[in-house]
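The sequence shown runs -20 to -1, 1 to 217 under mature numbering (1 follows the signal peptide of the UniProt record, and there is no 0). C-beta atoms are modelled at their ideal positions from N, C-alpha and C, and glycine is treated no differently. Shown next, in structure tokens, is the structure this report addresses.
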Amino acid sequence: MLRALLLIGCCAALAPVKLPDGFKAPTPKPLQIGDSEIPDLLSGAAALAVRLATGTFVLGWRPCFAEVGGVKLFGSEPGAGEYALSFGPVRFRDDSSVLPAARPSKPIVVYEYESSPFCRKVREMCCLLDLEVEYRPVPGARGGAFAKELFAGGKTMVPYMVDENADVAMYESDDICQYLRETYGPAQDAYDPKALWPLTFGPFQLITSTLAAIVRGLPGGQRRPDARSDNEERKPL
């Protein structure tokens, strides 16, 4: 309660955010990539390749339905309430052979910053398990609106996970990944543990995650020069 009151008081003392003078809303356009975004797109693709696309698909991912131009290629027509991705004449649906397992009723909270290879390991595990997570950024593991909450855990390090569903909080990426896998993952005999080797083989995970962060320009490691002066005091959306 005290922490909540402090955060409310801190945010209330800040000047309200408003649109810049003379701002004009851009004309709505279809999703497209501008020339200025190509370097960022290429660096993101390179980082994904370095990590062998770990975390792109959930554990046990499989395609289960495909249709082109009204002609079914495989699988059963999605039932009521089931989604099917549609783009042009193509319809596609996927699922997991081992998920969903137990689902947390409240989102898992993870304090982290993007460039850390250990934080990346936790993010990828959350993606593999298809968990709902609230990420609370702590730039450089020291700053930002959530730094005081992180320090309340007793250490100044990330990642730091809080699971309010089980009243559990812990540091250390390996411990967090093991906890999430055992608590919210499928039974160990339902999948081949070797499928997790990009996360569990320490040297490979550390080296490739570090390279991925370097390729991306070490995001979250330092303050942007064009950031608002009170940016770190505001709670992220």
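For A170, there is no enclosing alpha helix (DSSP H), as DSSP marks it with neither H nor E. DSSP places A46 in the uninterrupted beta strand (DSSP E) bounded by W41 to V48.
Of E62, Y140 and K(-3), the smallest CA-CA separation from C44 is found for E62.
Spatial neighbours of S153 in its own chain (CB-CB distance under 6 Å, excluding positions within 5 residues in sequence) are listed in chain order as F98, K101, V102 and P139.
DSSP lists E92 as the bridge partner or partners of P117. Assigned with DSSP and collapsed to three states, D154 falls in helix. The DSSP-derived three-state label of Y159 is helix. By the Cβ criterion, the segment 78 to 93 is not in contact with the segment 177 to 196, since fewer than three pairs of Cβ atoms, one from each stretch, lie closer than 8 Å.
Cβ-Cβ distances below 6 Å link E47 to R71 in the same chain, with the five nearest sequence neighbours on each side left out; the list follows chain order. Taking one beta carbon from each stretch, the segment 130 to 145 and the segment 186 to 204 have fewer than 3 pairs nearer than 8 Å; the two do not touch.
In the displayed model, A149 falls within a strand according to three-state DSSP.
By the Cβ test, the segment 157 to 167 is in contact with the segment 107 to 116, since at least three Cβ pairs between them sit closer than 8 Å.
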